Amino acid sequence: MILLISDLHLEQERPDITRAFLHFLASRARQADALYILGDFFEVWIGDDAISPFQREIAQALRELSEAGTRVYLMHGNRDFLIGKRFCREAGATLLPDPCLVEMGSERVLLMHGDSLCTLDVGYMKLRRWLRNPISLFILRNLPLSTRHKLARKLRSESRAQTRMKASEIVDVTPDEVLRVMTEKGVRTLIHGHTHRPATHILQINGQAARRIVLGDWDKQGWALQVDQQGFHQAPFAL
Numbered sequence: 001m002i003l004l005i006s007d008l009h010l011e012q013e014r015p016d017i018t019r020a021f022l023h024f025l026a027s028r029a030r031q032a033d034a035l036y037i038l039g040d041f042f043e044v045w046i047g048d049d050a051i052s053p054f055q056r057e058i059a060q061a062l063r064e065l066s067e068a069g070t071r072v073y074l075m076h077g078n079r080d081f082l083i084g085k086r087f088c089r090e091a092g093a094t095l096l097p098d099p100c101l102v103e104m105g106s107e108r109v110l111l112m113h114g115d116s117l118c119t120l121d122v123g124y125m126k127l128r129r130w131l132r133n134p135i136s137l138f139i140l141r142n143l144p145l146s147t148r149h150k151l152a153r154k155l156r157s158e159s160r161a162q163t164r165m166k167a168s169e170i171v172d173v174t175p176d177e178v179l180r181v182m183t184e185k186g187v188r189t190l191i192h193g194h195t196h197r198p199a200t201h202i203l204q205i206n207g208q209a210a211r212r213i214v215l216g217d218w219d220k221q222g223w224a225l226q227v228d229q230q231g232f233h234q235a236p237f238a239l
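Heads up: the sequence shown begins at 1 in the UniProt record's numbering, then just goes up one per residue.
Written as structure tokens, this is what we have:
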């Protein structure tokens, strides 16, 4: 069995989500062969050198899961793209590239956070290209902690304000980009998060059936996608 989750946006201000996640790790995740976390695991991450006691507690819980036999995989999101090797070592997790091809059963599946599929959001895509540039990443990681804290608050505030103002289709994935990426990677199943719109979308690619599975965010309830011999099943659960 494999479990996939995303968009928990963990922060001290939401102890309900933290409690639910720690319970999830100690119970359901212990039965899984692998746990994939597809981005926006934390609400904000300003660098591995600024890890807080709260974040260290999460890392320790992930390590305990890993040491119990469940492989843990982590992908960057748009909120926590500065997570680095140090945190992953502490958490016993493997950092995945975005996008990433994996084998699930007899099928090759494409995993993404999902923000790179929102190509109609031109302003965000420009910012994303700048933030993910290796030179920009080097500069960001070497800024004073106080400056990084201020920058994170500013970006977070602006992101929330702009999302409220943008049309629904702009902050969702672009259908043509989904088809392009899936065709390029040669897959019939894409799994991603980011949009907070859990669903399974049935597609056609070159005359063949395909699907895009969108993971749910953890807010009013939690979500997990389970992959087993019966297929792909996503369901919410109470926090």
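Backbone N, C-alpha and C define an ideal beta-carbon position, used for all residues, glycine too. Here the structure is a predicted model, which is why all the values come from computation and not from measurement.
Of V178, V173, G92, H76, the smallest CA-CA separation from L131 is found for H76. Within the DSSP secondary-structure output, H201 pairs in a beta bridge with R212. In the DSSP assignment, the residues bridged to W223 are P236. DSSP, read as helix, strand or coil, puts D228 in strand. Straight across, the Cα-Cα distance linking H9 with H201 is about 24 Å. Here the alpha carbons of V109 and R211 stand approximately 10 Å from one another. Pairing L3 with I191 gives a Cβ-Cβ distance that is not under 8 Å.
Of all alpha-carbon atoms in Q226, I205, Q204, the one lying nearest the alpha-carbon of V214 is that of Q226. Remark: C-beta atoms of I46 and H149 approach each other more closely than 8 Å.
The count of Cβ pairs closer than 8 Å, one atom from the segment 11–31 and one from the segment 95–110, stays below three, leaving the stretches out of contact.
Around the beta carbon of D16, a 10 Å sphere encloses fewer than 16 other beta carbons of the protein chains shown; the residue is thus reported as exposed. Counted as a single uninterrupted DSSP element, the beta strand (DSSP E) harbouring V72 occupies residues 71–75. In the three-state reduction of the DSSP assignment, F42 falls in the strand class, which pools E and B. Scanning F24, F42, R19, M1 for the CA closest to the CA of D7 turns up F42. V173 and T70 have their C-alpha atoms roughly 31 Å apart. Put simply, the backbone Cα of R141 is about 31 Å away from that of F24.
Taking the CA atoms as reference points, V181 sits about 12 Å from T119. K85 and I51 have their C-alpha atoms roughly 13 Å apart.
With a cutoff of 8 Å on beta-carbon distance, I135 and L74 are scored as not near each other.
Here DSSP, grouped into helix, strand and coil, assigns M125 to helix.
If you draw a straight line from the Cα of D80 to the Cα of L65, it comes to about 21 Å.
Separation of L203 and D115 (C-alpha to C-alpha, rounded to the nearest whole angstrom) is 19 Å. Just so you know, the alpha carbons of W218 and C88 end up roughly 22 Å apart. For L3, the enclosing beta strand (DSSP E) stretches over residues 2–5. Judged by beta-carbon spacing, F232 lies beyond the 8 Å limit of G222, meaning their Cβ atoms are not closer than that value.
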